[in-house]
Amino acid sequence: MASGCTSISVAAGGDGGDLLDRLRASGTVRMGFANERPFGFINAEGNLTGEAPEIGKAVFQRLGVDSFEPKLADFSSLIPGLKAGLFDVIAAGMYITPDRCAEIEFTNPDYNAPAALLLRQGNPLGLSDLDTIVKQQARIGVLTGSVEQGYAADLGIPAGRTVVFPDQSSGIDGVRAGRADCLMLTRLSLVSALGERPGAGLEIGETFIPTVNGEEQYGAGGFGFRKGETGIVDAFNNELAAMKDSGEVLKLVKPFGFSQDEMTDLTAQQLCTGTAG
């Protein structure tokens, strides 16, 4: 892990930007993450790891950038922090959505994962997906700035029944304490997080694909760069494709609970334009 802070200009050059050249010159990339298992988190040894950081480290090494500097932020602060130049890339498994694509450049996704609900043991309200949350007038727990928060708003779930938590850990505590009836995240995220809380009196529901306004919502995540930095996005995508073809991506993410089922050939263009269906 690199120490110290390398000063890198925010301004992008023309014709795809010059970020890759600047990162090669400095030798270090600043990775923004939100401490959410299994996507990006600090482990017991104090090191940044997880699905996105491990893929990111491997890709950047292929691109000639060997060191990385972790930059922790609340999930809702990742895009503003990237745009402000606090880090060079978002390495947090962030879902690729049209709204987010309007703000930053995304690589092609490295995974596509279904959602699930974290519930109190026995699932007293019989919750299984967004429809049952609406029908039961349940309180849904979401992370601040997450797509799940947007789903709740799009479905007309009132603010009084949308409980917003700053991070994964506080969301689990919120369901456990009865402040929310459920917490919606990917099943991968919930399984990983609950593994750290044995005997919490909670359970995870069956996976589902969220449907909003009649359209299925893909849980496909990628890496984010500042607008205009299409050169590094193209270079990243080329290396990512090679790693997918060789099986290296799956090998890197298996320790975090990912399987072949989460591997995807979706593209950022499909997800940004809503043509993935």
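Residue numbers for the sequence shown follow UniProt numbering, beginning at 1 and rising by one.
By construction, the Cβ of each residue, glycine as well, lies at the ideal position given by its N, Cα and C atoms.
With residue i and residue j assumed to form a contact (beta carbons below 8 Å), what rounded beta-carbon distance in angstroms separates them?
i    : j    : result
F60  : G93  : About 16 Å; that fails the 8 Å criterion.
V65  : G126 : About 49 Å; that fails the 8 Å criterion.
L78  : G32  : 5 Å
L19  : I232 : 5 Å
I209 : R187 : Contact flag wrong, Cβ pair sits at about 11 Å.
T264 : P114 : About 12 Å; that fails the 8 Å criterion.
R161 : Q137 : 7 Å
E248 : A58  : 7 Å
Y218 : L266 : 7 Å
Going along the chain, which residues of its own chain have a beta-carbon closer than 7 Å to the beta-carbon of residue i, five neighbours each way excluded?
i    : result
N35  : F41, I42, L72 and D167
A193 : R37, Q168 and I172
G214 : none
G156 : none
So, are the CB atoms of residue i and residue j less than 7 Å apart?
i    : j    : result
A91  : G141 : no
E69  : R30  : yes
E51  : V253 : yes
A235 : L271 : no
L143 : F75  : yes
A154 : V89  : The sequence shown places Asp at residue 154, rather than the Ala named in the question. Going by C-beta atoms, D154 is not nearer than 7 Å to V89.
N108 : A268 : yes
S122 : V191 : With the sequence shown as reference, residue 122 is identified as Gly, and Ser is not the correct amino acid for it. No; because the gap between Cβ atoms is not below 7 Å, this pair is not in contact.
Y111 : E262 : yes
Among residues of its own chain, excluding the 5 on either side of residue i, which ones have a beta-carbon nearer than 6 Å to its beta-carbon?
i    : result
A177 : none
Y151 : P210 and V212
C5   : Unreliable placement is indicated for C5, whose pLDDT of 32 sits below 50; no coordinate value is reported for it.
G17  : G228, E229 and G231
Leaving out five residues on either side along the sequence, give the residues of the same chain with a beta carbon under 8 Å from the beta carbon of residue i.
i    : result
V163 : R139, I140, G141, V142, G174, R179 and A180
R24  : L63, G64 and V65
E196 : R37
A200 : I172, R176 and L194
L202 : L118, L119, R120, Q121, I172, V175, R176 and L194
L48  : M1, M31, F33, G40, F41, I42, F68 and P70
G81  : G32, K71, A73 and F87
What ranges does the alpha helix (DSSP H) occupy inside the stretch 155 to 179, keeping only unbroken runs of at least 4 residues that lie completely in it?
Entirely contained in the stretch 155 to 179, the alpha helix (DSSP H) runs reaching 4 residues are, in chain order, 168 to 176.
Could you tell me whether the stretch 110 to 121 touches the stretch 169 to 182, where touching means 3 or more Cβ pairs closer than 8 Å?
By the Cβ criterion, the stretch 110 to 121 is in contact with the stretch 169 to 182, since at least three pairs of Cβ atoms, one from each stretch, lie closer than 8 Å.
Meets three-Cβ-pair contact criterion under 8 Å: the stretch 86 to 102 and the stretch 212 to 228
Contact between the stretch 86 to 102 and the stretch 212 to 228 is present, with at least three C-beta pairs closer than 8 Å.
Touch test, the stretch 231 to 249 against the stretch 125 to 133, Cβ-Cβ under 8 Å, three pairs minimum
With fewer than three CB-CB distances shorter than 8 Å, the stretch 231 to 249 does not count as touching the stretch 125 to 133.
Length-filtered (4 minimum) alpha helix (DSSP H) runs lying within the stretch 181 to 219:
Listed in chain order, they are 187 to 194.
Which runs of the alpha helix (DSSP H) at least 4 residues long sit entirely within the stretch 38 to 107? Give them in chain order.
The qualifying runs are 51 to 62, 78 to 83 and 98 to 101.
If we require 4 or more residues per run, which alpha helix (DSSP H) segments fall completely within the stretch 112 to 161?
The alpha helix (DSSP H) runs lying completely inside the stretch 112 to 161 and spanning 4 residues or more are 130 to 135 and 147 to 154, given in chain order.
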